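Chemist: Following this message is one structure expressed as structure tokens.
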Amino acid sequence: MDYELDIKENALDSFNEALEKFEQGENGNPKSYKFAILHASHFLELILKIYIISVDENLVFSKCYRHVAKKAKEERISILEAFEKIRAENFDLKTLIASDSSPHTITLDQALEFAKCEKCSITNIDFVDTEFCRDIEWIKGLRNNIEHFQFKLEPKEVRLCIGRLVRSVIEFLEIFSLMDLESEIGKDRFHIFEMLADEYTQLLREATREVKEQESQIFRGIRPKHYAFVEWNVYSCPECNNDTMVPYRESSTGYRCTFCKNEESGEIEVPCDCCGARSPSDAMDTWPMDDGSIEYRCYFCSGQHQADKDD
Ligand SMILES: [Zn+2]
Ligand SMILES: [Zn+2]
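Just so you know, we're using our numbering here: the sequence shown kicks off at 116 and counts up by one.
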């Protein structure tokens, strides 16, 4: 099918483009970094579409995908199961787009949703792991920031960003045997990305180890039945989407990400300034004080609870 060839060519173009922009950035043109990341994330998106096409060439079109998603919802089955049912019934998805000369294609989320249903037939383990999903969430946020806000990244951060992107793509390509990237783009080019991917993996490993070490230190000598009284949590970092936010004494929020050093998250529990009950800061009402500081009020102390009752 032509579309499949097109999309593969586009994907490789994006990849090569990403590399070119990255090299321009490395050679002292920092503006190019932004485009390197955008091209690399476009590449990832196209790879997910190539995966969908490998399942069924029509499924990449929104109309067909929605048809399958609707059946999944109606019958309360996974989208993959719904697709298999439709196929078993010999329904040709193509008929849904026959009158459409340039049908819309699916989004990154839709493609991922489908891929998430795939399990290994022998071990029954999900093919797409949570780490991959976290990477995708992070990429979406990053892309949104790059497109809509002033954005400045240090070269080191760019290397890590691209490394993370490429790492997830290489893994995805391997799991579903979609393409041999190395032979497609050449050994030298591939090696540059491989290096960046390794750099990222290495740093993440260190950040994760730091979390584990802190955890074992905190709980050392404490009886398991008292674990619940220990004020120690690991939060998912909203900046890098890794589960690497742990208590840190010098942080203003009390927490810091061991990977990206971010200290802010709406999930961090804070005490209510009236009654002392702890809740995620996002769920708290904030009250401005005369001196410019803010106070947290929980659901009950903010009057919200009474207002809901009156409704
Ligand atoms: Zn982080
Ligand atoms: Zn309260």
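From the three backbone atoms N, C-alpha and C, an ideal C-beta is built for every residue, glycine too.
This one's a predicted model, so the numbers in the text were calculated from it and none came from an experiment.
1. For S351, which residues of its own chain have a beta-carbon under 6 angstroms away from its beta-carbon, when the five flanking residues on both sides are left out?
2. Report the rounded CA-to-CA distance for Y370 versus D406, giving the unit in angstroms.
3. Assign D303 to one of three DSSP states: helix, strand, or coil.
4. Output the distance between the C-alpha atoms of I212 and L319, rounded to the nearest integer angstrom.
5. For R181, which three-state DSSP category applies?
6. In whole angstroms, give me the CA-to-CA distance for L163 and S380.
7. What number of angstroms, rounded off, separates the C-alpha of F334 from the C-alpha of F344?
8. Which value, in whole angstroms, describes the spacing of the CA atoms of A226 and S331?
9. Per DSSP, I251 is paired with what?
10. For a test of the three-state rule: what should DSSP assign to I409, helix, strand or coil?
11. Using 10 angstroms around the beta-carbon of L120, count the other beta-carbons present and answer buried if the total reaches 16, otherwise exposed.
12. In the structure shown, what three-state DSSP assignment does D224 receive?
13. Which residues mark the beginning and the end of the alpha helix (DSSP H) in which P270 is found?
14. Where does P339 sit, in a helix, a strand or coil, going by DSSP?
15. Under three-state DSSP, which class holds S394?
16. What are the start and end residues of the alpha helix (DSSP H) that includes R371?
17. Would you mind giving the Cβ-Cβ distance between F130 and F150, rounded to the nearest angstrom? I have them listed as a contact below 8 angstroms.
18. Provide the residue span of the beta strand (DSSP E) that contains V170, from first to last.
19. Can the beta-carbon of Y180 be found closer than 7 angstroms to that of L174?
Modeler: Considering the structure as presented:
1. As a first step, residue 351 is located in the sequence shown; it is residue number 236 there, counting from the start. If we look at S351 and ignore the five residues flanking it on each side, its Cβ neighbours are D358.
2. Taking the sequence shown and counting its residues from 1, one reaches residue 370 at position 255. Taking the sequence shown and counting its residues from 1, one reaches residue 406 at position 291. Between Y370 and D406, the C-alpha separation is close to 25 angstroms.
3. As a working note, residue 303 is residue 188 in the sequence shown. In this structure, D303 counts as helix in the three-state DSSP scheme.
4. For the purposes of this step, residue 212 is identified with residue 97 of the sequence shown, where counting begins at 1. For the purposes of this step, residue 319 is identified with residue 204 of the sequence shown, where counting begins at 1. Spanning the two alpha carbons is a distance of roughly 44 angstroms.
5. Translated into the one-based positions of the sequence shown, residue 181 becomes position 66. In the structure shown, R181 sits in a helix (DSSP, three-state: H, G or I).
6. Residue 163 sits at position 48 when you count from the first residue of the sequence shown. Residue 380 sits at position 265 when you count from the first residue of the sequence shown. Using only the alpha carbons, I get a separation of about 30 angstroms.
7. Within the sequence shown, numbered from 1, the residue matching residue 334 stands at position 219. Within the sequence shown, numbered from 1, the residue matching residue 344 stands at position 229. Within the model, the alpha-carbon separation for F334 versus F344 is close to 11 angstroms.
8. Start at 1 with the first residue of the sequence shown, and residue 226 comes out as number 111. Start at 1 with the first residue of the sequence shown, and residue 331 comes out as number 216. Whole-angstrom Cα-Cα distance: 39 angstroms.
9. In the sequence shown, residue 251 corresponds to position 136, counting from 1. DSSP output for I251 lists no bridge partner at all.
10. Here residue 409 refers to the residue found at position 294 of the sequence shown. If DSSP states are grouped into helix, strand and coil, I409 belongs with the strands.
11. For this step, residue 120 is matched to residue 5 along the sequence shown. So L120 ends up on the exposed side.
12. The sequence position of residue 224 within the sequence shown is 109, counting from 1. Reduced to three states, the DSSP call for D224 is helix.
13. Residue 270 sits at position 155 when you count from the first residue of the sequence shown. Unbroken alpha helix (DSSP H) run through P270: 270 to 290.
14. One-based indexing of the sequence shown puts residue 339 at position 224. P339 falls in the helix class under three-state DSSP.
15. Locating residue 394 in the sequence shown gives position 279, counting from the first residue. Strand.
16. One-based indexing of the sequence shown puts residue 371 at position 256. Counting along the chain, R371 falls outside any alpha helix (DSSP H), though it belongs to the beta strand (DSSP E) covering 370 to 372.
17. The sequence position of residue 130 within the sequence shown is 15, counting from 1. The sequence position of residue 150 within the sequence shown is 35, counting from 1. The pair is not a contact, with the Cβ atoms about 13 angstroms apart (cut-off 8 angstroms).
18. The sequence position of residue 170 within the sequence shown is 55, counting from 1. Taken as a continuous stretch (DSSP letters only), V170 belongs to no beta strand (DSSP E), being part of the alpha helix (DSSP H) at 146 to 170.
19. Taking the first residue of the sequence shown as position 1, residue 180 is located at position 65. Taking the first residue of the sequence shown as position 1, residue 174 is located at position 59. In this structure, L174 lies closer than 7 angstroms to Y180 by Cβ.
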